[in-house]
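Below: one structure, written as structure tokens.
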DNA sequence: ATCGAAGGTGAATAAGCCTTCATCTTAGCC
DNA sequence: GGCTAAGATGAAGGCTTATTCACCTTCGAT
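Protein chains in written order, with my numbering: chain A, 1 to 196; chain B, 197 to 392.
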């Protein structure tokens with residue numbers, strides 16, 4: 001009995017294991033995790049990785065895509081809070097804090113944020129509308145617009161600026177309290193200048 | 197006729213060329229510049245690099261040390277301005293702007309800032325007092341102390357925090373105006389909270 | 001139970017680097 | 001001019017990784 005698109009069950013199981021191992025290793029080691037390492041953790045041979053993903057790049061992309069989906073739900077959650085009546089500036093701040101939190105435990109997530117940074121200009125409307133990256137960009141964009149409308153963040157801020165700021169937040173290489181202060185400072189700096 | 201410590205003139209000339217080439221390549225490519233590349237730009241063979249520097253690490257360290265010296269004069273300049281009567285908070289802001297400016301044109305300089313980040317805790321008093329890294333740390337530390345005394349920056353900020361912030365400033369991969377806004381935001385965020 | 005094809009294996013290949021070293025050059029002294 | 005040790009050379013060695021592929025294994029329909 002075949003599954004899905006006529007793919008054997010063991011193949012699907014292996015694919016899942018590979019993705020799981022890749023997620024774990026990329027999370028702690030970053031994108032320099034080796035194919036050998038990933039294969040070993042997945043309990044398969046390297047060749048199997050290549051049956052499922054044409055190149056390392058594609059495997060990493062799959063992992064990053066996964067993180068991007070998490071990013072999308074984080075950003076959409078923040079936007080939902082605003083729709084429910086929360087001040088957009090505060091929600092944006094919360095979003096920063098949540099993102100920073102994940103950075104500390106998941107380097108793959110940070111990589112994903114880097115992609116956001118790179119692609120925000122090009123992909124916001126070009127990409128398929130349902131893409132995780134497009135959803136993230138859309139939600140942040142709307143959050144930003146509302147916060148600016150409410151006068152809670154500086155009017156000159158762009159979506160790309162936010163992506164850069166998000167990508168600049170340090171990960172686990174910086175101690176927790178220092179990281180928290182970093183985020184505090186950025187959030188405070190987002191407010192409009194006192195004397196415009 | 198020998199120069200300096202009994203070193204042949206051609207050897208000294210080559211050493212200078214190597215350092216110059218390494219500076220240029222590390223500035224634009226980052227620390228991943230290859231030894232082959234550096235040798236070619238210097239007009240020597242790779243073996244010559246190894247006569248002057250035991251390992252790539254040492255060559256890179258020499259380049260970084262050079263950038264660290266620039267960092268030291270920048271920080272000491274900012275401190276001097278304060279001694280001359282400038283508000284310490286403003287000087288600190290200026291320092292950030294100047295550093296960001298150099299990042300854009302010199303990746304080696306940014307690497308150097310990363311080392312500052314790592315070493316700030318350990319080396320501030322441990323290193324030989326005259327070291328560029330120690331001078332930088334000392335000047336920033338004093339700048340911070342004065343700014344806090346004047347109530348111009350948040351009291352909970354530490355030297356390590358500033359190092360992290362400095363290291364987080366983006367380089368040339370981010371357009372000039374976005375970079376400027378980044379720095380603006382950080383500087384604004386350095387101010388004490390309105391309601392402590 | 002059998003069989004064909006999808007799937008898995010892992011040694012071998014390839015490419016990119018850093019580093020070494022036997023050998024050749026040359027600066028600087030007589 | 002000749003000598004010699006410091007200096008320069010760059011092919012070769014060695015290491016790390018991604019990627020391939022000829023050859024087994026196993027699933028799953030019959």
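For each residue, glycine too, the CB sits at the ideal point set by N, CA and C.
Residues near residue i by beta carbon distance below 7 angstroms, same chain, minus five either side
i, result
"residue 147 (chain A)", "88, 89, 92 and 153"
"residue 332 (chain B)", "264, 267, 268, 271 and 312"
"residue 219 (chain B)", "259, 262 and 304"
"residue 290 (chain B)", "274"
"residue 37 (chain A)", "25"
Close-in-space but distant-in-sequence residues of the same chain around residue i (CB under 8 angstroms, 5 per side omitted)
i, result
"residue 398 (chain B)", "Outside the displayed span of chain B (197 to 392) sits residue 398 (chain B), for which this structure offers no information."
"residue 12 (chain A)", "3 and 4"
"residue 223 (chain B)", "301, 302, 303, 304 and 305"
"residue 45 (chain A)", "39"
CB contact below 8 angstroms: residue i versus chain B
i, result
"residue 278 (chain A)", "There is no way to answer for residue 278 (chain A), as the model of chain A reaches only from 1 to 196."
"residue 69 (chain A)", "no"
"residue 196 (chain A)", "Only weak support exists for where residue 196 (chain A) lies, its pLDDT of 49 falling under 50; the value from the coordinates is given anyway. False, the Cβ-Cβ gap to chain B never drops below 8 angstroms."
Residues near residue i in its chain [Cβ-Cβ closer than 6 angstroms; skip 5 each side]
i, result
"residue 60 (chain A)", "31"
"residue 204 (chain B)", "none"
Bridge partners - residue i, DSSP secondary structure assignment
i, result
"residue 370 (chain B)", "Looking at the DSSP assignment, residue 370 (chain B) forms no beta bridge with any residue, so it has no partner."
"residue 41 (chain A)", "Residue 41 (chain A) pairs with nothing; no bridge assigned."
"residue 3 (chain A)", "A:7"
Residue-level contact to chain A via CB, residue i, 8 angstroms cutoff
i, result
"residue 357 (chain B)", "yes"
"residue 386 (chain B)", "yes"
"residue 389 (chain B)", "yes"
Heavy atom of the ligand NAP within 7 angstroms of residue i beta-carbon
i, result
"residue 21 (chain A)", "What this structure holds is no ligand at all, so the ligand NAP is not there to describe."
If contact means a Cβ-Cβ distance below 7 angstroms, which residues of the segment 359-382 of chain B contact chain A? Residues passing the 7 angstroms Cβ filter: 360, 361, 364, 366, 370, 374, 377, 378, 381 and 382.
Could you say if the segment 104-116 of chain A and the segment 166-174 of chain A meet the contact criterion of at least three C-beta pairs nearer than 8 angstroms? By the criterion of at least three beta-carbon pairs nearer than 8 angstroms, the segment 104-116 of chain A is in contact with the segment 166-174 of chain A.
State whether the segment 244-252 of chain B contacts the segment 263-282 of chain B, with contact taken as three or more CB pairs (one from each stretch) at a distance under 8 angstroms. No, they do not touch.
Counting only Cβ-Cβ distances shorter than 9 angstroms, please list the residues of the segment 338-355 of chain B near chain A, keeping chain order. Residues 350, 352, 353 and 354.
Any contact between the segment 154-165 of chain A and the segment 354-362 of chain B? By contact I mean 3 or more CB pairs, one from each, below 8 angstroms. The segment 154-165 of chain A, when compared against the segment 354-362 of chain B, does not touch it at the 8 angstroms Cβ threshold.
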